[in-house]
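If you're matching positions, the sequence shown starts at 1 in full-length UniProt numbering and goes up one per residue.
Note that beta-carbon positions come from the ideal geometry of N, C-alpha and C, so glycine has one too.
Given the structure is predicted, the values throughout are model-derived calculations rather than measurements.
Read the structure below first, then the notes.
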Amino acid sequence: MIDRRFPASQSLLLRYHKVLAVPGLAVDLALADLEPCSHGEGATTFALPGSAAREVIVCDESSRMCTGTYKALDACVTVALLRRAGVQRVVASSGGNLSAALATYAGRAGLEAFLFQPRRTLYKQRGDHFGPGVRLIAVDLPEPEVKRIARAFAERFGLAHVPDVRWRLAASAVRAMFVLESAAELGRVDCLAQTVCAGFGPAGIYQCFAALRGHGLLRRSEVPRFLGFQQEANAPIVRAWQAGEPALTREHVRPEPDRYLEPGLYNTDPAREYARLAALLREVGGEMLALSDDDLARHQAPLLARMRAAGFEFSRLPGTDEVVEKTGLLTGVGVLKAIDEGRLTAGERALLMLTGGVRELAGAAPPSPALTIDASRSEAEWLDELGRTFGLATCARARA
Numbered sequence: 001m002i003d004r005r006f007p008a009s010q011s012l013l014l015r016y017h018k019v020l021a022v023p024g025l026a027v028d029l030a031l032a033d034l035e036p037c038s039h040g041e042g043a044t045t046f047a048l049p050g051s052a053a054r055e056v057i058v059c060d061e062s063s064r065m066c067t068g069t070y071k072a073l074d075a076c077v078t079v080a081l082l083r084r085a086g087v088q089r090v091v092a093s094s095g096g097n098l099s100a101a102l103a104t105y106a107g108r109a110g111l112e113a114f115l116f117q118p119r120r121t122l123y124k125q126r127g128d129h130f131g132p133g134v135r136l137i138a139v140d141l142p143e144p145e146v147k148r149i150a151r152a153f154a155e156r157f158g159l160a161h162v163p164d165v166r167w168r169l170a171a172s173a174v175r176a177m178f179v180l181e182s183a184a185e186l187g188r189v190d191c192l193a194q195t196v197c198a199g200f201g202p203a204g205i206y207q208c209f210a211a212l213r214g215h216g217l218l219r220r221s222e223v224p225r226f227l228g229f230q231q232e233a234n235a236p237i238v239r240a241w242q243a244g245e246p247a248l249t250r251e252h253v254r255p256e257p258d259r260y261l262e263p264g265l266y267n268t269d270p271a272r273e274y275a276r277l278a279a280l281l282r283e284v285g286g287e288m289l290a291l292s293d294d295d296l297a298r299h300q301a302p303l304l305a306r307m308r309a310a311g312f313e314f315s316r317l318p319g320t321d322e323v324v325e326k327t328g329l330l331t332g333v334g335v336l337k338a339i340d341e342g343r344l345t346a347g348e349r350a351l352l353m354l355t356g357g358v359r360e361l362a363g364a365a366p367p368s369p370a371l372t373i374d375a376s377r378s379e380a381e382w383l384d385e386l387g388r389t390f391g392l393a394t395c396a397r398a399r400a
């Protein structure tokens, strides 16, 4: 299932496109669909120095990704499917990274994209990712309302709301293939570590493992257990998992936005995604841990030093030492915490999924939203304003 014409450092989607044809992954995409939309969705690996009896391999899914995070995979799959279907206008919401990726990929494909994201995460975006045809709408409201108004906007004006959950899961199937190819070269991987927001990424990886096992292409012994992390201030998946619950309920949702270590990890109620991820993890084994301010204070400096020794530098906010995109940083902090707590034992090999960390902002202006939505008006009033701003007419279905 490896197309060796394409190195993994260029594009995981092009190298592993054949896996998308495996029954159970629910996406019908061929190389001819993907190649025109590919702008760099690569990954590499390197060893994290100083891991003593435990080997930590960093899977860098940032520095070779077009927009600096693994969301480039989601954007490439989404735009390839939209182009093939002849869809020209789309709507999406995200904490910021998916918006940046969709802006770049949709813009280069000539699509018009209406992207809703929290105003508080605009500071870490590059304005040049948001080109002609991309309409950025900042939202100064709680996370559920960002998503709700994006969906209401799509419905009101008859636009496609993307990406479909199945597309996001399929985009991470190629990450699963990279994990397996890396394990074939490095030796057995015992644990796969990633910080999660909604959990689409690891769910997509483990769904691919399950599909390959179902077709006799992978043994259970080759599937690593999962070690997942969320920031303590927004950790509904961790609470539900540690309580042994099969479903995530309101009692697990207790966000504290003012304490977020990474504001882009903003999904407060991933109930549907949790059910999928929990079912997969019960089969393969794993843990979910919350990361606190104290964990960051204890492990950040040693992690940064070890990453630097390996030749990797996290991008900083201009004029400061603050890391721009902290999701990958938190995964590294979580791995060091897990080692301290004995969750990774001597002789084990862990794969640290560095899903973000490289995005150079020096010399780049932040994006300017076409409109900023806040609590000063009702949702209906804002939808009217959006229609006027972008010259859109209410679709017949919404009028009915």
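Of the candidates R225, R188 and L98, L98 places its Cα closest to the Cα of C197. The DSSP assignment places 349–354 and 371–373 as complete runs of the beta strand (DSSP E) inside the region 346–392, in order along the chain (cut-off: 3 residues). For T104, the secondary structure class from DSSP, reduced to helix, strand or coil, is helix. Just measuring C-alpha positions, the residue of G214, I2, D60 and F157 sitting nearest L25 is G214. Between the alpha carbons of T121 and D374 lies a distance of about 15 Å. As summarised for the region 93–158, the continuous alpha helix (DSSP H) elements at least 4 residues long and confined to that stretch are 97–108 and 143–156, given in chain order.
E313 and V358 have their C-alpha atoms roughly 8 Å apart. Here the alpha carbons of R276 and R220 stand approximately 19 Å from one another. Only residues of its own chain outside the window of five on either side were considered, and among them I57, C59 and S182 have a CB closer than 6 Å to the CB of T45, listed in chain order. Cβ neighbours of V189 within its own chain (closer than 6 Å, five residues either side excluded): A183, P224, R349 and L351. Contact annotation: V238 and L289 have beta-carbon atoms nearer than 8 Å. Beta-bridge pairing by DSSP links L192 to F226 and L351. The C-alpha of E379 is placed about 47 Å away from the C-alpha of F6. V91 is positioned such that its CB atom lies closer than 8 Å to that of A160.
According to the DSSP assignment, F46 belongs to the beta strand (DSSP E) that extends over T44 to A47. A Cβ-Cβ distance of about 7 Å is found for the pair G133 and G110, placing them in contact under the 8 Å criterion. As for any alpha helix (DSSP H) of minimum length 4 sitting wholly inside the region 11–53, the runs are 12–15 and 31–34, ordered along the chain. In terms of Cα proximity to F390, the closest of S376, R135, L34 and Y266 is R135. By DSSP's assignment, Q231 forms a beta bridge with L291. For S62, the number of other beta carbons within 10 angstroms of its own is at least 16, and it is reported as buried. The beta carbon of V22 lies closer than 6 Å to those of A211 in the same chain, with the five residues before and after it left out.
Annotated three-state conformation of V284 is helix, per DSSP.
Assignment of beta-bridge partners to C59 by DSSP yields T45 and M353.
L386 sits away from F130, with the two beta carbons spaced by 8 Å or more. A check of alpha carbon separations from L291 across V333, R151, Q194 and S368 identifies V333 as the nearest. Of the residues assessed, T372 falls on the exposed side of the cut-off, its CB having fewer than 16 other CB atoms within 10 angstroms. Residue environment: A346 is assigned as exposed (fewer than 16 neighbouring CB atoms within 10 Å of its CB, all protein chains considered). Note on A243: under 16 other CB atoms within 10 angstroms of its CB, so exposed under the neighbour-count rule. For V284, the closest C-alpha among the options R306, L265, K337 and Q207 is that of Q207.
In this structure, R64 sits near G42, with a CB-CB distance shorter than 8 Å.
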